[in-house]
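Participant:
Protein chains: 2
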Amino acid sequence: MSPSDPVSLPASTWIDGDWIEGGGITTPAGFVAGGAYAGIKTYGPEPRLDVGLLASESGPCVAAGVFTRNAVVGHPVTHNKRILAARSDVRGVVCNSGNANTVTGAQGADDCQRMASLAGARFGASADEMLVGSTGVIGRMLPMDRVEAALETIEVSREGGTDFARAIMTTDTHDKQCALRVTAAGRTYHVGGCAKGSGMIHPDMATMYGFVTTDAPVTPEWLKATWKAAVDRSFNMVDVDMDTSTSDMGIVLASGAAGGDPVTDGHPAASLLAAAIEAVATRLAKAIARDGEGATCLIEVTATGAATEADARIAARTVTSSPLMKTAVTGRDPNWGRVMMAAGRSGAALDQDRASVWIGSHCVLDRGQPTSVDLKAVSAAMAGEVVSIRVDLGVGEAQATAWGCNLTHAYVDINADYTT
Amino acid sequence: MSPSDPVSLPASTWIDGDWIEGGGITTPAGFVAGGAYAGIKTYGPEPRLDVGLLASESGPCVAAGVFTRNAVVGHPVTHNKRILAARSDVRGVVCNSGNANTVTGAQGADDCQRMASLAGARFGASADEMLVGSTGVIGRMLPMDRVEAALETIEVSREGGTDFARAIMTTDTHDKQCALRVTAAGRTYHVGGCAKGSGMIHPDMATMYGFVTTDAPVTPEWLKATWKAAVDRSFNMVDVDMDTSTSDMGIVLASGAAGGDPVTDGHPAASLLAAAIEAVATRLAKAIARDGEGATCLIEVTATGAATEADARIAARTVTSSPLMKTAVTGRDPNWGRVMMAAGRSGAALDQDRASVWIGSHCVLDRGQPTSVDLKAVSAAMAGEVVSIRVDLGVGEAQATAWGCNLTHAYVDINADYTT
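Here the protein sequences come in this chain order: E and B. Quick note on our numbering: the first sequence kicks off at 43 and runs consecutively. Quick note on our numbering: the second sequence kicks off at 43 and runs consecutively.
Shown next as structure tokens:
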């Protein structure tokens, strides 16, 4: 392959469906959502919301989740893992931003339980039927009086997806939502989602926040396996700054409101619905990378010629996360040697005498030999909204794509003064 | 332990010896060095030198080396590994800065051999008796006509250590040298060294450039084992930007000019000489971290309470290399949750309910509970030349110390425009 059209989705998520303008998590039938402001978060664009509620409208829905592998985890991660180990149906998700409720001791655990309890009460559900998300500063106590007041007054509706998407934002500059409509075996399904970045982003088997809903009826086993595979190729291929959050979570909820038999392996809609879920997750993942703290462009790195898919994944991720590559993109500096340096340190097998590198459409290293390409043209190929890089490791046939962003002064500024 | 005096060396390198003012690689008897300017490097402080030569004055010396584990390596790394696999004595080292001679194909291999050959000829030695170092931009051909002219005219002397130390600098803002005198079993030995950073610094079993000399007589086996252990606790505990160079190398040369029996296991000077070598390596390693690209302070992180030394090492290194921790230090932001986040993602075993964190002398997390420490005082403890952080993982007795630096606008600027 030659470097793909940089704004297209990778081949694995090309899909026969329709993106719905303005769509999000409440586009699929059966879901309501909303947001409120409790004053936890003192930064970010208006309207500033910091408590969000997402629920299945008329009863439990099928749920699956993946969570951070950081050894330090927030109380909500512990709560959600416990719930999803015991059951596959929940009523919804309650979130706050501005405070991660992490490393907050026994009081933090109580606060998490209280959030689940109050949110569940809105729908006649128990605390064990509500998933919880808290994102923001680590090691501070939640202002529970204000959280409780917000949870009692928050309004949810079929139009509330955007408020929810805004309520989960921390340093994100805008909300991240999308929705897709697909038709299979004579039935129409919707998949919607929202996500948040935008720092401490180097997901390890999960993402910061990625919430996806669908109105398709599904079996719990199929949803779990499909979600894990989609997250591995989407959210888990994103990097902003190498730092894995203590709050990462990716949750998918299926209401079944579209009707019909539950989708599972062998169902005629299974492969298209799985592709739709992956497409939504990938679009959200790319939005997280593009809105990485201080970023001015998306970096899309495809590793080809790898011995294994695992090697391709780690090589692509390492190039996207290299500070030297990220700063070179900021300066439009055609310093492609850093692509080789990063691929080389990734742990992936490569043959430096057979490896090749492209920046945009320019081949800068051809099977181990630097080419005589015009470096000014290479620099120009690094000036757009999307910078496309391909490295061929020269040892096999496997490939993978990862997404990251450039490193600018603004990343330093945002993170030098986060809590004070 | 409580956080140690931040400017002192860690306990393992406390040493009964005298640091020699202005000392370096030619302080130990038996070594000559020098530098010249070939015009490869077009940046950096004056006097600008970019070709360096270090040699044993009167004949071969015992040598040991450790090298980058990046899968992409410069031709000099390949050359040196081949030589040191076959022999334990060499005549010296020839280096250039400004060009890494990496991913440069067959011509690059020839150029490396030619550098070794020309440098060796100055001392009646063969190319196989000369180690080579090239550091700088990857993927460009060396201007061999100018390198050759420099190698023919370069002057070496007992006073040339500083010129050599300057000739290996890339984006370093100053040279890094030191020397130590120790006396054991009635005999005086000297250990000197120089090193360079200051970007692409995340050594993997080796360092960017660390050259150490001693006038002690040693056995090759003892020197190899001693050097490996010293590098693991010094250069390998440094991070600037997570990016492992393709040119990393740490070389130690022993002339034997101090006289006496060769130092080996059981020799009365063995433990003190090993400590002296580690002390020199540690001082140089800290100098690399402090002069990291764009850095304004040194960050010293000690992980205690670890299950194993390997866990302590990876936890300490991960905290020093976390972009979010590095930017928090830039802003003197007492956002200690990021210490826990980084320790948590390091892979080290920890118990978040028993873990503690100190910044300077302030305990901010006490066995899983945030303390009521005055965050302004914590911020003040982050304002000095050295920021001292300790994280206790709460699971064992092992500990390790790592060094890094803060992340500033200047890192972005330096690396956005490196080759153009």
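All C-beta atoms in this analysis are idealised placements derived from N, C-alpha and C, irrespective of residue type, glycine included.
#1: Tell me which residues share the same chain as isoleucine 210 of chain E and place their Cβ nearer than 6 Å to its Cβ, disregarding the 5 neighbours each side in the sequence.
#2: So serine 98 of chain E is in the beta strand (DSSP E); what residue range does that whole segment cover?
#3: Helix, strand or coil: which one does DSSP assign to tyrosine 453 of chain E?
#4: In chain B, which residues lie less than 8 Å from serine 287 of chain E when you measure between Cβ atoms?
#5: With a Cβ-Cβ cutoff of 7 Å, do serine 176 of chain E and asparagine 122 of chain E count as a contact?
#6: Ordered along the chain, which non-local residues of its own chain (more than five positions away) have a Cβ less than 6 Å from that of valine 429 of chain E?
#7: Jot down the residue ranges of each uninterrupted beta strand (DSSP E) in the region 376-456 of chain E, minimum 3 residues, whole runs only, in chain order.
#8: Could you give the residue range of the beta strand (DSSP E) that holds threonine 372 of chain E?
#9: Work out the CA separation of proline 87 of chain B and alanine 316 of chain E for me, nearest whole Å.
#10: Going by CA-CA distance only, name the one from B:Pro376, B:Pro304, B:Arg380, B:Leu326 that's closest to valine 104 of chain B.
#11: Return the CA-CA distance between threonine 450 of chain E and histidine 451 of chain B, expressed in angstroms with no decimal places.
#12: Closest Cβ-Cβ distance between leucine 435 of chain E and chain B: below 7 Å?
#13: What residues in the region 268-299 of chain B bring their beta carbon closer than 8 Å to a beta carbon of chain E?
#14: Is DSSP giving glutamate 63 of chain B helix, strand or coil here?
#15: Can you name the residues of chain B whose CB is closer than 7 Å to the CB of isoleucine 82 of chain E?
#16: Could you work out which residue in E:Ala323, E:Tyr79, E:Ser398, E:Gly347 is closest to isoleucine 67 of chain E when comparing CA atoms only?
#17: Here's the rule I'm using: 16 or more other beta-carbon atoms within 10 Å means buried, otherwise exposed. How should alanine 258 of chain E be labelled?
#18: Once you ignore the five residues that flank glutamine 219 of chain B on each side, which residues in its own chain have a CB closer than 6 Å to its CB?
#19: So if DSSP puts aspartate 459 of chain B in a beta bridge, which residue, or which two residues, is it bridged to?
#20: Tell me which residue opens and which closes the alpha helix (DSSP H) that asparagine 122 of chain E is part of.
#21: Here's the rule I'm using: 16 or more other beta-carbon atoms within 10 Å means buried, otherwise exposed. How should tyrosine 85 of chain B be labelled?
#22: Hey, how far is the Cα of alanine 422 of chain B from the Cα of arginine 374 of chain B?
#23: Can you look up threonine 177 of chain E in the DSSP assignment and give me helix, strand or coil?
#24: Looking at the unbroken alpha helix (DSSP H) that takes in threonine 225 of chain E, where does it start and where does it end?
#25: Express the C-alpha separation of glutamate 335 of chain E and asparagine 457 of chain E in angstroms, rounding to a whole number.
#26: Taking beta-carbon pairs under 9 Å, can you tell me which members of the region 357-379 of chain E lie near chain B?
#27: Roughly how many whole angstroms lie between the Cα atoms of glycine 301 of chain E and glycine 81 of chain E?
#28: Rounded to a whole number of angstroms, what is the C-alpha to C-alpha distance between valine 393 of chain B and methionine 424 of chain B?
#29: Provide the residue span of the alpha helix (DSSP H) that contains cysteine 103 of chain B, from first to last.
#30: Compare the C-beta of glycine 446 of chain E against all C-beta atoms of chain B and say whether one is closer than 7 Å.
#31: Within 7 Å (strictly less), CB to CB, does histidine 216 of chain B reach chain E?
#32: Would you grab the beta carbon distance between leucine 366 of chain E and arginine 355 of chain E for me? Rounded to a whole angstrom, and I think it's under 8 Å.
#33: For the ligand ADP, any of its heavy atoms closer than 6 Å to the Cβ of lysine 123 of chain E?
#34: Only counting the same chain, and skipping five residues up and downstream in sequence, which positions put a Cβ closer than 6 Å to that of glycine 76 of chain B?
#35: Residue range of the alpha helix (DSSP H) that threonine 268 of chain E falls in?
#36: Determine the extent of the beta strand (DSSP E) in which lysine 328 of chain E is found, giving its start and end residues.
Facilitator: Result, derived from the coordinates:
#1: Gly94, Cys137, Ser139, Lys238, Tyr251
#2: 93-98
#3: Helix at tyrosine 453 of chain E.
#4: Met383
#5: no
#6: Cys339, Ile341, Val371
#7: 398-401, 404-408, 428-434, 440-447
#8: It is not in any beta strand (DSSP E) - threonine 372 of chain E instead sits in the alpha helix (DSSP H) that spans 365-372.
#9: Rounded to the nearest whole angstrom, the C-alpha separation of alanine 316 of chain E and proline 87 of chain B is 58 Å.
#10: B:Pro304
#11: 7 Å
#12: no
#13: Asp283, Met284, Asp285, Thr286, Ser287, Thr288
#14: coil
#15: Within chain B, no residue comes near isoleucine 82 of chain E; the closest Cβ sits about 15 Å away, beyond 7 Å.
#16: For the residues E:Ala323, E:Tyr79, E:Ser398, E:Gly347, the minimum Cα distance to isoleucine 67 of chain E belongs to E:Ala323.
#17: buried
#18: Residues Gly66, Ala207, Cys236 of the same chain have their beta carbon placed closer than 6 Å to that of glutamine 219 of chain B, with the five preceding and five following residues left out of the count.
#19: DSSP lists no partner for aspartate 459 of chain B.
#20: 117-128
#21: Under the 10 Å beta carbon count, tyrosine 85 of chain B is surrounded by fewer than 16 other beta carbons and is classified as exposed.
#22: 7 Å
#23: strand
#24: No alpha helix (DSSP H) holds threonine 225 of chain E; the beta strand (DSSP E) holding it covers 218-226.
#25: Their backbone Cα atoms lie some 9 Å apart in a straight line.
#26: Ser363, Ser364, Pro365, Leu366, Met367, Lys368, Thr369, Ala370, Val371, Thr372, Gly373, Arg374, Asp375, Pro376, Asn377, Trp378, Gly379
#27: Straight through space, the alpha carbons of glycine 81 of chain E and glycine 301 of chain E are spaced by roughly 40 Å.
#28: The sequence as given places aspartate at residue 393 of chain B; valine does not occur at that position. Straight-line Cα distance between these residues: approximately 26 Å.
#29: It is not in any alpha helix (DSSP H) - cysteine 103 of chain B instead sits in the beta strand (DSSP E) that spans 103-109.
#30: no
#31: no
#32: Not really, about 20 Å apart at Cβ, beyond 8 Å.
#33: Absence of the ligand ADP is noted for the structure shown, with no ligands found whatsoever.
#34: Leu95, Ile196, Glu197, Val198, Gly202, Asp205
#35: 262-275
#36: Here lysine 328 of chain E belongs to no beta strand (DSSP E); instead the alpha helix (DSSP H) covers 312-332.
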